């Protein structure tokens, strides 16, 4: 995975598989010297025992193969970049994944195309709600699909290419205004 | 945080949608893109994006785009399934964004299967 935005897309799928109704994505380019992303879901969550072993690539809830690489990859990458991966979960409540990378580490993959990631994420599970927050330090912007549903009413269909294109360009503009480096 | 700006933007989006609104139904073709870790690593995001862009450019209103997880044919990712009503379900493998555009134009719109990209076929019962 050459871009962190691909890992974010990948890991968000776990929450969707866990039956989440809402996924929260937060990215901060500079939180106390770390590049951080957080993925939160309100799905079925994991037991304490599962949280302890979930970083192992041979531990997975998948049935098609015996290997699950998503979390393992991010665990390795954060370790390589002087960062950390925190996983908090509670059965019946959901999961929070917090991945931190030393901001200036040469091995940190770029964030990459987060706008397309969000577009594809929305299309993949259009009935869910999402919040997206992008920050550089204290400054930031974001969107909330619940707010969009309120404003758009019957027109709120997240499979509509026009709405997805709007989200994509909204993210591009927001990042440009922040002078985001990714 | 720029949430105030979001509300103004949303009002503008709503107006744009209302003026251009056509009924969108999902009774037509279904396109399914593999979006497991293997699919994402192989470029599924760009393929899905290319499909959306082409459907938008061709103003296709009744095509339903979905994603699926890993189906175990990881070496053939990116996998794209096309199911036209009443026809065989075709699975394309090693799909690039350029292939995705062809799949929409030739198969989804014109019913022409792209034979050299097919990796599986489920015959319609």
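Chains as they are written, first to last, in this note's numbering: chain A, -19 to 162; chain B, 24 to 148.
For every residue, glycine included, the Cβ atom is placed at its ideal position computed from N, Cα and C.
Since the structure is predicted, the reported quantities are computational estimates derived from the model, not experimental observations.
For residue i: DSSP bridge partner residues
i: residue 143 of chain B; result: B:114
i: residue 124 of chain A; result: A:111
i: residue 89 of chain B; result: B:55
i: residue 142 of chain A; result: DSSP output for residue 142 of chain A lists no bridge partner at all.
i: residue 119 of chain A; result: A:116
i: residue 105 of chain B; result: B:54 and B:113
Option in the options with minimal Cα separation from residue i
i: residue 122 of chain B; options: B:53, B:66 and B:41; result: B:66
i: residue 165 of chain A; options: A:74, A:153, A:13 and A:158; result: Outside the shown range of chain A, which is -19 to 162, sits residue 165 of chain A, and nothing can be said about it.
i: residue 120 of chain B; options: B:133, B:101, B:79 and B:86; result: B:101
i: residue -10 of chain A; options: B:91, B:99, B:106 and B:144; result: B:91
i: residue 38 of chain A; options: A:62, A:46 and A:-8; result: A:46
i: residue 64 of chain B; options: A:9, A:-12 and A:86; result: A:-12
i: residue 6 of chain A; options: A:144, A:141, A:48 and A:118; result: A:118
i: residue 161 of chain A; options: A:92, A:150 and A:101; result: A:92
i: residue 116 of chain B; options: B:36, B:126 and B:103; result: B:103
i: residue 22 of chain B; options: B:108, B:110, B:69 and B:99; result: Only positions 24 to 148 of chain B appear in this structure, which leaves residue 22 of chain B out of reach.
i: residue 152 of chain A; options: A:130, A:120 and A:140; result: A:120
Contact test: residue i Cβ vs the ligand GDP heavy atom, cutoff 7 Å
i: residue 161 of chain A; result: The ligand content of the structure shown is nil, which means the ligand GDP is not present either.
field: Interface positions of the stretch 9 to 22 of chain A facing chain B (Cβ-Cβ less than 8 Å), listed along the chain
entry: Against chain B - using a Cβ distance shorter than 8 Å - the stretch 9 to 22 of chain A contributes no residues.
field: Residues within the stretch 89 to 112 of chain B neighbouring chain A, beta-carbon criterion of under 8 Å
entry: When CB distances to chain A are screened at a threshold of 8 Å, the residues of the stretch 89 to 112 of chain B falling below it are 89, 90, 92, 93, 94, 95 and 97, in chain order.
Within 7 Å of chain B by C-beta, residues of the stretch 94 to 109 of chain A in sequence order: Those would be 96, 97, 99, 100, 103 and 104, in chain order.
- prompt: Mind pulling the beta strand (DSSP E) runs of 3 or more residues that sit fully within the stretch -18 to 28 of chain A?
  reply: If we require 3 residues or more, the beta strand (DSSP E) runs fully inside the stretch -18 to 28 of chain A come out as 2 to 11 and 14 to 21.
task: Closer than 7 Å, Cβ to Cβ, to anything on chain B: give me those residues from the stretch 46 to 62 of chain A, in chain order.
output: Residues of the stretch 46 to 62 of chain A with a Cβ closer than 7 Å to any Cβ of chain B, in chain order: 49 and 50.
query: Which of the residues in the stretch 61 to 79 of chain B, read from start to end, lie with their CB under 7 Å from any CB of chain A?
result: If you check each beta-carbon in the stretch 61 to 79 of chain B against every beta-carbon of chain A, the ones closer than 7 Å belong to 63, 64, 68, 71, 72, 75, 78 and 79.
field: Three or more C-beta pairs below 8 Å linking the stretch 42 to 57 of chain A and the stretch 108 to 127 of chain A
entry: Note that the stretch 42 to 57 of chain A does not touch the stretch 108 to 127 of chain A; fewer than 3 beta-carbon pairs, one per stretch, sit closer than 8 Å.
query: Residue ranges of each beta strand (DSSP E) run of no fewer than 3 residues wholly in the stretch 51 to 94 of chain A, ordered along the chain?
result: 64 to 70 and 74 to 82, all fully within the stretch 51 to 94 of chain A.
field: Three CB pairs or more closer than 8 Å across the stretch 70 to 84 of chain B and the stretch 128 to 142 of chain B
entry: Cβ pair count under 8 Å is three or more, so yes.
query: Any chance the stretch 21 to 28 of chain A sits against the stretch 132 to 142 of chain A, with 3 or more Cβ pairs inside 8 Å?
result: Contact between the stretch 21 to 28 of chain A and the stretch 132 to 142 of chain A is absent, because fewer than three Cβ pairs lie under 8 Å.
- prompt: Got a sec: which bits of the stretch 115 to 130 of chain A sit with their beta carbon under 7 Å from any beta carbon on chain B, in order along the chain?
  reply: Within the stretch 115 to 130 of chain A, 120, 121, 122, 123, 127 and 128 place their CB atoms closer than 7 Å to a CB of chain B, listed in sequence order.
message: Can you pull out the residues from the stretch 75 to 94 of chain A whose beta carbon lies closer than 8 Å to at least one beta carbon of chain B?
response: Within the stretch 75 to 94 of chain A, the residues whose Cβ lies closer than 8 Å to some Cβ of chain B are 93, listed in chain order.
Near-chain B residues of the stretch -13 to -2 of chain A (beta-carbon distance less than 8 Å), N- to C-terminal order: Hits within the stretch, in order: -11, -10, -7 and -3.
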